[in-house]
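Enquirer: Each residue of the sequence shown is one higher than the one before, counting from 0 in numbering that gives the first Met the number 0.
Backbone N, C-alpha and C fix where the C-beta goes; we use that ideal spot for every residue, glycine too.
From a predicted model like this one, the values you see are computed outputs, not experimental measurements.
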Amino acid sequence: MPLKVNPEARAVNFGVALLWLIIHQIRTLVKFGIICYVLTSHGPQETRRFTVAFFIKEPGSERRQFRRIKTSSPIEYRFLNSSRFTNSVTCDISEGGVSFIVDGPVPVGTHLHFEVKLKNRPQPIYGIARITWAAKEPYSPRYRIGLEFTEVGSISKADIRTFIQENKVPCFSS
Numbered sequence: 000m001p002l003k004v005n006p007e008a009r010a011v012n013f014g015v016a017l018l019w020l021i022i023h024q025i026r027t028l029v030k031f032g033i034i035c036y037v038l039t040s041h042g043p044q045e046t047r048r049f050t051v052a053f054f055i056k057e058p059g060s061e062r063r064q065f066r067r068i069k070t071s072s073p074i075e076y077r078f079l080n081s082s083r084f085t086n087s088v089t090c091d092i093s094e095g096g097v098s099f100i101v102d103g104p105v106p107v108g109t110h111l112h113f114e115v116k117l118k119n120r121p122q123p124i125y126g127i128a129r130i131t132w133a134a135k136e137p138y139s140p141r142y143r144i145g146l147e148f149t150e151v152g153s154i155s156k157a158d159i160r161t162f163i164q165e166n167k168v169p170c171f172s173s
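1) Using only the alpha-carbon positions, how far apart do glycine 145 and isoleucine 130 sit?
2) Would you call the segment 86-97 and the segment 132-139 in contact, with 3 or more CB pairs under 8 Å?
3) Would you kindly work out how many angstroms separate the C-alpha atoms of valine 101 and glutamine 64, rounded to a whole number?
4) To the nearest whole angstrom, what separates the beta carbons of serine 93 and arginine 120, a pair I think is in contact under 8 Å?
5) DSSP three-state call for asparagine 166: helix, strand or coil?
6) DSSP three-state call for aspartate 102: helix, strand or coil?
7) Please report the Cβ distance between glycine 126 and phenylalanine 148, rounded to the nearest whole angstrom; I am assuming they are in contact, meaning their Cβ atoms lie under 8 Å.
8) Would serine 155 be called buried (16 or more neighbouring beta carbons within 10 Å of its own) or exposed?
9) What's the C-alpha gap between valine 15 and valine 107?
10) If you run the structure through DSSP and keep just helix, strand and coil, what is arginine 141?
11) For asparagine 119, which residues does DSSP report across the bridge?
12) Inspect the beta-carbon positions of tyrosine 76 and leucine 117 and report whether they are closer than 7 Å.
13) Closest to valine 151 by CA distance: which of Ala128, Arg83 and Ser98 is it?
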């Protein structure tokens, strides 16, 4: 499920004499979460007015606490009420969770045991996680699910952190 960012737009009119102020204000506002601005001019050159639209992220619109990276690593998982492990491959991982593909729908909020074998790591990452989202894959009966780690050992956390630092290509897709 893609993140929804609903930017708030603010428009401010300035005269030509204040153009330098616009630039200063833009630099200042960038420090406070401005993600984009648009500068347009209106009217004849001698009385030209400028409009600046600032697009500001809504507070709380970015829910991710940790940077995630794409990785195709083997993962085994089982639901807490089951003894049967199922195999899959991860889509991405962060210090806070992992996403991967499953064969059918699963209820959000369900907890499961997992074990991920990260490349160049001597031991697997394992723990318990909660399903926080599920989205049907296009043109497929399969689902992509996102897990939030709820119980992960300190060694596993350190291995994830090291793995992410060694593979610094960020993941921008949902």
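Expert: According to the data block:
1) 6 Å
2) no
3) 24 Å
4) Rounded, the Cβ-Cβ distance is 16 Å, inconsistent with contact.
5) Coil, per DSSP.
6) coil
7) 6 Å
8) buried
9) A caution first: valine 15 carries a pLDDT of 46, below 50, which makes its placement in the model unreliable, though a value can still be read off. The alpha-carbon atoms of valine 15 and valine 107 are separated by roughly 54 Å.
10) coil
11) Beta-bridge pairing links asparagine 119 to no other residue.
12) no
13) Of Ala128, Arg83 and Ser98, the residue nearest in Cα terms is Ala128.
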